[in-house]
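*Asks:*
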Amino acid sequence: DHNGQAMVVIEVKTTLRPQDVKKFIEKLNHIKQWVPRYANNIVYGGVAWLTAAAGAEEMAESRGLFSIRATGDSATIVNSPAFHPRSW
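Position in the sequence shown counted from 1, then plus 90, gives you this note's numbering.
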């Protein structure tokens, strides 16, 4: 459940690859059809990962996804200060 108009859907990967980013964006493109109760919400996307391969971290940010690096017992949003999230 959620407590406002905006929500974030997160895809979690041990190793984030460019293909993972592409597949997740395809899921986000359909999220409001697949889950109609969120049709009137602002949906943001994010990827959480331990390691990123082949430029996947940069791809996620350039496509408007939050990029979250897991480190030990915590996680850090690693997007640049100029980042603007895309909404679905």
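Positions of the beta carbon are idealized from the N, C-alpha and C atoms, including for glycine.
Please classify G136 as buried or exposed, where buried requires at least 16 other C-beta atoms within 10 Å of its C-beta.
*Replies:* buried
*Asks:* Cα-Cα, which of T166, A96, Q109 and T105 is closest to I132?
*Replies:* Distances from the alpha-carbon of I132 to those of T166, A96, Q109 and T105 put A96 closest.
*Asks:* So what does DSSP say about F31, is it helix, strand or coil?
*Replies:* Nothing about residue 31 can be reported from this structure: the residues present for the chain run from 91 to 178 only.
*Asks:* Comparing C-alpha positions only, which one of Q123, P126, H174 and I158 sits nearest to V111?
*Replies:* Here the closest residue by C-alpha is I158.
*Asks:* Tell me, to the nearest whole angstrom, how far the beta carbon of K113 is from that of W139; I am working on the premise that it is less than 8 Å.
*Replies:* Incorrect: roughly 14 Å between the Cβ atoms, too far for contact.
*Asks:* To the nearest angstrom, report how far apart R37 and P126 are at their CA atoms.
*Replies:* Residue numbering for the chain in the displayed model covers 91 to 178; residue 37 lies beyond these limits and cannot be assessed.
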